[in-house]
Each structure stands twice: as structure tokens, then as C-alpha cells.
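For the sequence shown, the working numbering begins at 91 and goes up steadily by one.
No residue lacks a Cβ here, since even glycine has one placed at the ideal position from N, Cα and C.
None of these values were measured; they are calculated from a predicted model.
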Amino acid sequence: MVDDPVTGYRHRYCRRCGRELTDPDSRLTGYGPNCDPARRPRAAAEHQVEQDPLPGT
91 MVDDPVTGYR HRYCRRCGRE LTDPDSRLTG YGPNCDPARR PRAAAEHQVE QDPLPGT
């Protein structure tokens with residue numbers, strides 16, 4: 091396995107959940123597939139929608 095060229099360090103455990111990393115790509119990033127911020131969808135932004143009142147209320 092190739093060391094990280096920038097830091098020269100291979101992560102052994104996930105930086106978010108602490109589980110052991112087995113995938114070479116995960117060991118380079120330091121995150122497991124479910125914890126990697128690059129792979130996780132961001133929460134949808136909340137926005138207010140202007141609506142007309144319902145008739146009869």
C-alpha cells in the first residue's frame with residue numbers, strides 16, 4: 091500500500107467513527123465510505139416558500 095504522498099501517513103482507523111479502515115482509498119483519506127464528507131450528501135437548505143392562504147380558513 092502506498093503512503094499518503096503529502097503526509098506520508100496511512101490512517102488505520104476512521105477519523106469520524108473510529109472503525110478500522112480496510113480499503114486503500116479510505117486509508118489515504120482517513121474516512122470510511124459512509125463517513126467520507128466528500129461522499130455524504132449535504133442536508134437540503136431550508137427556504138421559505140411564499141404561499142397564498144387556503145380558501146375557507
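A Cβ-Cβ separation of about 11 Å leaves glycine 122 out of contact with arginine 130 under the 8 Å criterion. Taking a C-beta distance under 8 Å as the contact criterion, arginine 117 and arginine 100 qualify as a contact pair. Note: tyrosine 103 is bridge-paired with Glu110 in the DSSP secondary-structure output.
Of all alpha-carbon atoms in Leu144, Gly146 and Asp126, the one lying nearest the alpha-carbon of aspartate 115 is that of Asp126.
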